[in-house]
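The next block holds one structure in the form of structure tokens; read it before the comments.
Numbering (this note's numbering), first residue to last: 471 to 637.
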């Protein structure tokens, strides 16, 4: 009888340890993934012969320190670059960026005429409503998988004068 009680106590202790470790892993995974939140990712629909597409979204940083977006991966493009549209001598130019900073407790809005991700030489023709997957790589070691819908983009002159970074 004493051995049965020992076995039951041991089994109970093992179950508690297992439960606590699963709960801790769940908490850590939810905490890590909530450091960076991605909202409304989308790819601008372009003509079938377009050699460049744009990827847009809002990236929220819920941490107390700045985080850098270093790169974006997807297999269906020859190259993917981080860009920002800037005014130079009264001409709007897209300038390649080494990284994008998402400020602590802030957000970075990637949109036409401002910060954006340039998808160069697509291997597939995209259609309105398609969903495209991307992997975002951040300097804190975090990666985020993003599923972006292909949409028709609005063309407005005002987009070319905005460089929003919210704090």
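Beta carbons are placed, not taken as given, at the ideal position from N, Cα and C, and that holds for glycine. All values derive from a computational prediction rather than experimental measurement.
query = From the DSSP output, which residues share a beta bridge with residue 552?
reply = 567 and 587
query = Would you say the stretch 526-540 touches the stretch 575-595, given that touching needs at least three Cβ pairs under 8 Å?
reply = yes
message = Within 10 Å of its beta-carbon, does residue 586 have 16 or more other beta-carbons around it, so buried, or fewer, so exposed?
response = buried
request  = Let me know the secondary structure DSSP gives residue 628 once reduced to three states.
outcome  = Here residue 628 scores only 42 on pLDDT, less than 50, and its place in the model is too uncertain to base an answer on.
request  = Look up residue 541 in the DSSP assignment and give the residues it is bridged to.
outcome  = 607
inquiry  = Suppose you measure from the CA of residue 598 to the CA of residue 568; what does that come to, to the nearest Å?
reply    = 30 Å
Per-residue DSSP class, three states only, for residue 577 = strand
query = Nearest-angstrom Cα distance between residue 600 and residue 618?
reply = 8 Å
The stretch 600-613 contacting the stretch 533-553, beta-carbon criterion three pairs below 8 Å = yes
ask   = Taking Cβ positions, are residue 596 and residue 523 nearer each other than 9 Å?
value = yes
message = My output table needs one value for residue 622: the three-state DSSP class, helix, strand or coil.
response = coil
ask   = Cα-Cα, which of 615, 589 and 559 is closest to residue 520?
value = 589
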